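Going left to right, the first sequence walks through residues 28 to 546 as the numbering used here numbers them. This report concerns only the one structure given below.
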Amino acid sequence: MATNISARGKDYPQWYLDVIKAGDLADHSPVRGCMVIKPHGYGVWELIQSQLDARFKATGHVNAYFPLFIPMSFLAKEAKHVEGFAMECAVVTHSGLEPDGKGGLKPKGPLEEALIVRPTSETVIGHTYAQWVQSWRDLPILVNQWANVVRWEMRTRLFLRTMEFLWQEGHTAHETPEEAEAETRRMLDVYAEFAESVLAIPVVKGEKSESERFAGADRTYCIEAMMQDGKALQSGTSHNLGQNFSKAFDIKFQTRDQKVSHVWTTSWGVSTRLIGGVIMTHSDDEGLVLPPKVAPVLIAIVPIYKKPEEREAVTQYAKELVTRLGGQFTDPAGNLVANPEMLTATLPTGQRIILDLRDGLRPPEKYFHWEQRGVPLRMEVGPRDLEAKKVMVVERPTRTKAPLEFASLDSAWLSATSARLQADMLKRARDLRTSRTFRCDSYSDFQARLDAGGFFLMHWDGTNETEAKIKEETKATIRCIPFVDQLDTADGPVSLREPGTDPVSGRPSQGRVIYARAY
RNA sequence: CGGGGCGUAGCUCAGCCUGGUAGAGCGCUUGCUUUGGGAGCAAGAAGUCGGAGGUUCAAAUCCUCUCGCCCCGACCA
């Protein structure tokens with residue numbers, strides 16, 4: 028039992044913070060609401076980036092970079108957009124500093140036009156695309172950028188909501204509304220596939236209700252995940268922006284039939300919030316649990332020895348093991364200079380195998396060290412294993428431990444094992460979600476059960492008023508109107524398409540939506 | 001931004017009520033003994049008590065302000 032981590036059941040928010048700390052993922056910064064992403068946490072982000080980026084490239088997108096600063100006037104051009112983001116903008120009003128006469132500093136020269144720090148980049152990109160697009164032959168534009176953005180939040184939580192966060196934002200422009208819609212849906216599919224196969228987070232694809240829609244979008248689609256406490260996490264969004272931004276920024280083109288039209292744009296993004304999702308989906312009371320595909324350290328090898336001869340023999344054995352598994356020590360001689368007590372080998376995926384040769388730490392301490400950092404596989408090699416030509420392999424998600432034949436461990440074994448762990452984690456998360464998804468036909472029943480968490484499949488009359496009333500009274504919102512026709516619940520599959528009655532308003536409903544409290 | 005809680009060594013906290021000049025455990029460093037699920041002994045290093053004012057001969061302790069974190073509300077990826 029890890030003593031530095033609160034139990035999930037006792038204090039979930041504290042558990043979350045404890046896991047981040049013990050997992051060495053991030054620290055608070057001197058500035059409120061911002062975080063320092065530590066190397067291990069950033070390693071998770073890099074794996075997210077590289078695997079998502081490959082998917083973007085495979086769908087025809089290219090990367091570019093747009094500026095951090097946006098003229099304040101740009102934001103004003105799209106009415107809904109201003110309304111949505113005005114309150115969360117950081118504003119730059121001065122350049123330079125000068126002494127304030129009291130030993131400190133004060134801002135010096137006021138700017139002619141204030142700049143905002145991007146909360147998202149639709150406006151500056153809209154302005155740019157207006158210059159890029161002349162003809163239908165210039166379309167589509169399929170651009171993505173990896174960037175940081177700033178939103179002045181009142182309440183923050185590490186990874187889930189920080190004032191500055193890292194994300195990617197795709198911005199595309201199209202000739203027709205159909206194309207824009209297809210792009211919006213296609214990227215949502217990419218996110219869903221990514222969440223499930225890479226992060227092992229099961230998600231529900233759906234559309235946001237009007238009140239949850241992105242400021243300036245015609246339609247917002249999302250993937251919604253359920254965390255272990257039963258709360259929902261919006262894990263990715265894809266927006267069909269229609270012609271709202273193209274009209275605001277005058278992105279016009281000459282059509283195939285010699286007319287002039289505004290382009291149809293989309294935007295879509297996921298952020299470092301996904302790391303919070305990974306933590307809250309998979310980790311346990313012992314600490315962080317990472318899916319193999321996003322584990323910066325895939326394997327930690329702990330040697331066991333008493334005498335110097337044993338240390339030598341066991342180390343040699345472990346190094347052979349690393350090589351068999353496909354790991355390459357950065358130094359061809361097999362000796363990493365950076366930290367001889369923590370030998371690092373690199374796998375083709377960019378992930379690492381660490382051979383933990385720290386003296387003075389006993390094996391159990393090393394077990395805990397790597398366990399708390401979520402390392403999926405731990406291998407223990409000692410004189411007995413060497414003798415028997417075996418390796419003790421421990422799987423982090425289940426903490427199962429088994430002696431395996433040295434000869435059976437190779438890169439093929441590693442791929443297969445990673446894939447199995449990955450699949451098991453997804454299944455486990457999906458089963459948990461199913462067990463906490465409920466059909467619900469009565470508002471009082473809903474209110475009574477909401478505190479226990481979960482997704483509630485309830486009829487909705489489609490009005491803002493009903494949703495607002497529920498939000499007001501219960502803090503739960505419509506997470507999405509799912510695309511699928513039915514969802515698995517604790518009591519079996521439930522159809523979302525059968526007409527019924529909204530239990531709150533008593534009005535007719537076309538189908539069920541997901542209600543939940545959300546992060 | 002409103003309500004509640006909390007800031008003392010890297011971490012967890014005691015000391016504060018009743019002012020007298022800083023402690024414990026863990027961690028860290030070094031050495032020896034150890035090493036198959038959080039080791040033992042010994043010797044060390046480490047805190048302007050979140051910050052700024054004030055009261056006082058004297059402030060971690062009392063007062064005021066401020067900053068940060070956590071929880072709850074209004075907003076959001």
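Note that beta-carbon positions come from the ideal geometry of N, C-alpha and C, so glycine has one too. Just so you know, these numbers come straight off a predicted model, no measurement behind them.
So, at 6 Å on beta carbons, what are the nonlocal neighbours of V22 in its own chain, with the 5 sequence-adjacent residues on each side left out? With the chain represented from 28 up to 546, any question about residue 22 goes unanswered, as that position is not in the structure.
Can you tell me where the beta strand (DSSP E) holding A450 begins and where it ends? Mapped onto the first sequence, residue 450 falls at position 423. Not the beta strand (DSSP E): A450 falls in the alpha helix (DSSP H), residues 438-462.
Mapping DSSP to helix, strand and coil, what is V46? Position 19 of the first sequence holds residue 46. V46: helix per DSSP, three-state reduction.
When DSSP labels each residue in this structure, what does T247 get in the three-state scheme? To locate residue 247, count along the first sequence from 1; it is residue 220. If DSSP states are grouped into helix, strand and coil, T247 belongs with the strands.
With DSSP as the reference, please indicate the residues paired to H309 in a beta bridge. Stepping through the first sequence from its first residue, residue 309 is reached at position 282. Note: H309 sits in no beta bridge, so no partner.
For T86, the three-state DSSP class (helix, strand or coil): For this step, residue 86 is matched to residue 59 along the first sequence. For T86, the three-state secondary structure derived from DSSP is coil.
Under three-state DSSP, which class holds R385? For the purposes of this step, residue 385 is taken as residue 358 along the first sequence, with counting starting at 1. In this structure, R385 counts as coil in the three-state DSSP scheme.
If we count the other Cβ atoms within 10 Å of its Cβ and call it buried at 16 or more, is T30 buried or exposed? For the purposes of this step, residue 30 is taken as residue 3 along the first sequence, with counting starting at 1. Exposed: under 16 other Cβ atoms inside 10 Å.
Does DSSP put R184 in a helix, a strand or coil? Taking the first residue of the first sequence as position 1, residue 184 is located at position 157. Strand, per DSSP.
Inter-residue Cα distance where the pair is P430 and K417: As a position in the first sequence, residue 430 is number 403, starting the count at 1. As a position in the first sequence, residue 417 is number 390, starting the count at 1. Between P430 and K417, the C-alpha separation is close to 6 Å.
Any idea what DSSP makes of G377, helix, strand or coil? In the first sequence, residue 377 corresponds to position 350, counting from 1. Coil at G377, not helix or strand.
Heavy atom of the ligand NAP less than 7 Å from the Cβ of A439, yes or no? This structure lacks the ligand NAP; in fact it carries no ligand of any kind.
Among K320, P137, A456, which one has its Cα closest to the Cα of L547? A question about residue 547 goes unanswered here, because the residues of the chain that appear run from 28 up to 546.
In chain order, each beta strand (DSSP E) run of at least 3 residues that lies wholly inside the segment 235-286: List check, beta strand (DSSP E) in window: 246-253, 259-269, 279-281.
Closest Cα partner of P146 within the set H121, E125, D515, V109: Indexing the first sequence from 1 puts residue 146 at position 119. The option with the nearest alpha carbon to P146 is V109.
Roughly how many angstroms separate the alpha carbons of Y470 and R389, rounded to a whole number? Indexing the first sequence from 1 puts residue 470 at position 443. Indexing the first sequence from 1 puts residue 389 at position 362. If I take the Cα positions, the gap works out to 56 Å.
So which of Q399, E398, G353 has the shortest CA-CA distance to G377? Within the first sequence, numbered from 1, the residue matching residue 377 stands at position 350. Of Q399, E398, G353, the smallest CA-CA separation from G377 is found for G353.
Where does the unbroken beta strand (DSSP E) through P98 begin, and where does it stop? Walking along the first sequence from the start, residue 98 turns up at place 71. Membership of P98 in the beta strand (DSSP E) is indicated by the continuous run 96-98.
Could you check what DSSP says for V71 in three-state terms: helix, strand or coil? Within the first sequence, residue 71 is the residue found at index 44, counting from 1. In the structure shown, the three-state DSSP call for V71 is helix.
Provide the residue(s) that pair with L317 in DSSP beta bridges, ordered along the chain. For the purposes of this step, residue 317 is taken as the residue at position 290 of the first sequence. Answer is none; L317 lacks a bridge partner.
Proximity of L166 and H201 at Cβ, strictly below 8 Å: Numbered from its first residue, the first sequence carries residue 166 at position 139. Numbered from its first residue, the first sequence carries residue 201 at position 174. Cβ distance < 8 Å, so L166 and H201 count as in contact.
Quick check on DSSP: helix, strand or coil for T490? Taking the first residue of the first sequence as position 1, residue 490 is located at position 463. DSSP places T490 in coil when its eight states are reduced to three.
Straight-line gap, S236 to I505 (C-alpha atoms, nearest Å): For the purposes of this step, residue 236 is taken as the residue at position 209 of the first sequence. For the purposes of this step, residue 505 is taken as the residue at position 478 of the first sequence. Counting only the Cα atoms, I505 lies some 7 Å from S236.
Status (buried if at least 16 other CB within 10 Å, exposed otherwise) for F96: By 1-based counting over the first sequence, the position of residue 96 is 69. Exposed is the call here.
Could you tell me the distance, in whole angstroms, from the CA atom of L315 to the CA atom of M190? On the first sequence, position 288 is the one that residue 315 refers to. On the first sequence, position 163 is the one that residue 190 refers to. The alpha-carbon atoms of L315 and M190 are separated by roughly 24 Å.
Name the DSSP bridge partner or partners of P520? Within the first sequence, the letter at position 493 stands for residue 520. Answer by DSSP bridge pairing, in chain order: D515.
Rounded straight-line distance, which links the Cα of I152 to that of Y92: Numbered from 1 along the first sequence, position 65 holds the residue referred to as residue 92. Numbered from 1 along the first sequence, position 125 holds the residue referred to as residue 152. Roughly 10 Å between the two C-alpha positions.
Endpoints, beta strand (DSSP E) assigned at K417: Stepping through the first sequence from its first residue, residue 417 is reached at position 390. Segment 417-422, the beta strand (DSSP E) holding K417.
Contact check, I328 vs D383 under 8 Å by CB: the rounded distance? The count along the first sequence starts at 1 and reaches residue 328 at position 301. The count along the first sequence starts at 1 and reaches residue 383 at position 356. I328 to D383, Cβ: 7 Å. Contact.
Quickly, what does DSSP pair G233 with across the bridge? List them, please. For the purposes of this step, residue 233 is taken as the residue at position 206 of the first sequence. In the DSSP output, where bridge partners are listed per residue, G233 has C249, P509.
Look up T293 in the DSSP assignment and give the residues it is bridged to. On the first sequence, position 266 is the one that residue 293 refers to. Answer by DSSP bridge pairing, in chain order: T199, N267.
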